[in-house]
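**Student:** Encoded as structure tokens, here's the structure I'll be asking about.
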Amino acid sequence: MKKLELHFDNELQGKFELKDLNILLVFQVNCPGCFSFALPFFNKLYQEFNSSDVSFLALSTAFEDFDKNTLENTSDLVKAGVVVGETKSFLNKRGFDKVPYSLNFPIAMDKTGEENTVVLDNAVEVICSTNPNYKIWPDFEQTALRKRVHDYLNSLDKISLTFTLNQLRGTPSFVMFNSNYEILNEWFGHITYDEVVEKVHYFK
């Protein structure tokens with residue numbers, strides 16, 4: 001079973017506690033869809049299941065707009081509901097200067113590996129290993145894949161480890177995982193509340 005690579009240094013609100021069932025939301029501060037749908041959706045799930053054996057974490061990441069999707073801007077969001085960029089424009093058009101709802105769950109910042117050879121090499125191996133046939137490929141094919149992944153990672157301004165190592169498609173992304181970090185389900189973009197609730201009851 002595929003395992004979640006979860007990396008963060010800065011817990012900006014609350015404290016994530018690993019439980020038998022965990023739900024992760026990966027978002028960006030410069031992502032209007034995260035604020036119109038994903039964060040309120042996560043609030044609803046948190047309010048419904050936080051008292052049971054389910055743990056929650058919202059992880060702010062960056063795979064683009066690195067000047068806006070920052071630790072500083074995430075801190076401002078957590079402390080005062082301040083928003084930036086496209087998210088700010090989106091909310092302003094709807095009459096809001098700040099986020100018009102509270103964020104009640106633990107929030108952390110995705111760990112970043114910048115210009116670090118060890119981090120880069122580890123990232124290459126983790127990403128290559130997501131291919132189920134990688135270990136049985138001949139050496140020349142493994143080497144070719146490692147080079148392609150290495151060149152891709154090297155082309156990025158920053159490597160947000162959780163986002164990159166799990167090869168997430170974008171934000172918002174939701175990941176349900178167990179206490180061994182085994183991924184039980186994952187979703188990208190809009191999902192229904194009933195769909196997630198069904199999985200929570202199934203895996204509890």
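According to the numbering used here, the sequence shown is numbered sequentially starting from 1.
Beta carbons: idealized from backbone N, C-alpha and C, even for Gly.
#1: Using DSSP bridges, identify the partner residues of I127.
#2: Output the boundary residues of the beta strand (DSSP E) element that contains Q167.
#3: Can you check the segment 47 to 121 for any alpha helix (DSSP H) of at least 4 residues that lies completely inside it and give the ranges in chain order?
#4: Can you tell me which of the three DSSP states S160 falls into?
#5: Looking only at its chain, what residues have a beta carbon closer than 6 Å to the beta carbon of L145, apart from the 5 residues adjacent to it on each side?
#6: With a Cβ-Cβ cutoff of 8 Å, do T74 and M109 count as a contact?
#7: Along the chain, where does the beta strand (DSSP E) that runs through N10 open and close?
#8: Which two residues bound the contiguous alpha helix (DSSP H) that contains S36?
#9: Quick check: the Cα distance between S102 and D139, rounded to an integer number of angstroms?
#10: Would you report the Cα separation of S36 and Q13, rounded to the nearest angstrom?
#11: Can you name the start and end residues of the alpha helix (DSSP H) that N154 belongs to?
#12: If you reduce the DSSP assignment to three classes, tell me which class V29 lands in.
#13: Between which two residues does the alpha helix (DSSP H) carrying E186 extend?
#14: What three-state label does DSSP hand I23 in the structure shown?
#15: Tell me, please, which residues DSSP counts as bridged to V175.
#16: For a test of the three-state rule: what should DSSP assign to K2, helix, strand or coil?
#17: Between which two residues does the alpha helix (DSSP H) containing K199 stretch?
#18: Would a C-beta distance cut-off of 8 Å place P106 and E5 closer than the cut-off?
#19: Taking DSSP as the reference, what is the three-state secondary structure of N180?
#20: Can you find at least 3 beta carbon pairs, one from the segment 58 to 65 and one from the segment 20 to 34, that sit closer than 8 Å?
**Tutor:** On the basis of the coordinates in this document:
#1: If you number the sequence shown from 1, residue 127 lands on position 127. The partner list for I127 (beta bridge, DSSP) is empty, contrary to what the question assumes.
#2: On the sequence shown, position 167 is the one that residue 167 refers to. Here Q167 belongs to no beta strand (DSSP E), and DSSP marks it neither H nor E.
#3: 71 to 80, 85 to 93
#4: As a working mapping, residue 160 is identified with position 160 in the sequence shown. Residue state, collapsed to three classes: strand.
#5: Within the sequence shown, numbered from 1, the residue matching residue 145 stands at position 145. Taken in chain order, the residues that qualify are C128.
#6: Translated into positions along the sequence shown, residue 74 becomes position 74. Translated into positions along the sequence shown, residue 109 becomes position 109. Taking 8 Å as the Cβ cut-off, T74 and M109 qualify as a contacting pair.
#7: On the sequence shown, position 10 is the one that residue 10 refers to. First-last of the beta strand (DSSP E) with N10: 8 to 13.
#8: By 1-based counting over the sequence shown, the position of residue 36 is 36. Run containing S36: none; DSSP gives neither H nor E here.
#9: The sequence position of residue 102 within the sequence shown is 102, counting from 1. The sequence position of residue 139 within the sequence shown is 139, counting from 1. Answer to the nearest angstrom: the Cα atoms are 52 Å apart.
#10: As a position in the sequence shown, residue 36 is number 36, starting the count at 1. As a position in the sequence shown, residue 13 is number 13, starting the count at 1. In a straight line, the C-alpha of S36 is about 21 Å away from that of Q13.
#11: By 1-based counting over the sequence shown, the position of residue 154 is 154. Note, N154: alpha helix (DSSP H), 139 to 155.
#12: Taking the sequence shown and counting its residues from 1, one reaches residue 29 at position 29. Three-state DSSP puts V29 in coil, outside helix and strand.
#13: Counting from 1 along the sequence shown, the entry for residue 186 is found at position 186. Careful: E186 lies outside any alpha helix (DSSP H), inside the beta strand (DSSP E) at 183 to 188.
#14: Taking the first residue of the sequence shown as position 1, residue 23 is located at position 23. Three-state DSSP puts I23 in a strand.
#15: Mapped onto the sequence shown, residue 175 falls at position 175. The partner list for V175 (beta bridge, DSSP) reads L24, E186.
#16: Your numbering for residue 2 matches position 2 in the sequence shown. K2: coil per DSSP, three-state reduction.
#17: Residue 199 sits at position 199 when you count from the first residue of the sequence shown. Its alpha helix (DSSP H) spans residues 193 to 203.
#18: For the purposes of this step, residue 106 is identified with residue 106 of the sequence shown, where counting begins at 1. For the purposes of this step, residue 5 is identified with residue 5 of the sequence shown, where counting begins at 1. Going by C-beta atoms, P106 is not nearer than 8 Å to E5.
#19: Translated into positions along the sequence shown, residue 180 becomes position 180. N180 falls in the coil class under three-state DSSP.
#20: yes
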